[in-house]
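K.L.:
Have a look at this one before I ask anything.
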Amino acid sequence: EVEAASESARVRAIRKLRAMIYCARPALLTLWNRMDEACTGTVSLAEWANAMRACVVPDEDFPWEWIARYITSLEEDGSC
């Protein structure tokens, strides 16, 4: 039961984060486009996390790098 409740809390938290990310989408896209100087369509995980901190949850201790696997596609080279 505890594991099921924990899973449910995780799902709710990720759903809330996705809503926050959607609301910040214009600012995120602008920032990522600036970061992607080579026009590859990707940014590093560190750049992705920095943008999330700048536009979604401005907390240096928030675990964006860990959460990335749940909310974005990671390439083999670690880029997003």
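To get the working numbering, take the position in the sequence shown, counting from 1, and add 8.
Where a beta carbon is used, it is the ideal one built from N, C-alpha and C, also for glycine.
Just so it is clear, the structure is predicted and the values come from calculations on it, not from any experiment.
#1: Which of the three DSSP states, helix, strand or coil, is assigned to P66?
#2: Find the nearest neighbour of L53 within the set A27, D67 and W40, judged by alpha-carbon distance.
#3: DSSP on C88, reduced to helix/strand/coil?
#4: Taking the Cβ atom as the reference point for each residue, do T50 and E83 lie within a distance shorter than 8 angstroms?
#5: Can you give the Cα-Cα distance for L36 and A59, rounded to whole angstroms?
#6: On the DSSP letters alone, give me the boundaries of the alpha helix (DSSP H) that A3 sits inside.
#7: If I79 and R26 are in contact, beta carbons under 8 angstroms, what's the gap, nearest whole angstrom?
P.N.:
To lay it out plainly:
#1: coil
#2: W40
#3: In the three-state scheme derived from DSSP, where H, G and I count as helix and E and B as strand, C88 is classed as coil.
#4: yes
#5: C-alpha separation (whole angstroms): 6 angstroms.
#6: Given a span of 9 to 88 for the chain in the structure shown, any question on residue 3 remains unanswerable.
#7: Right, their Cβ atoms sit about 6 angstroms apart.
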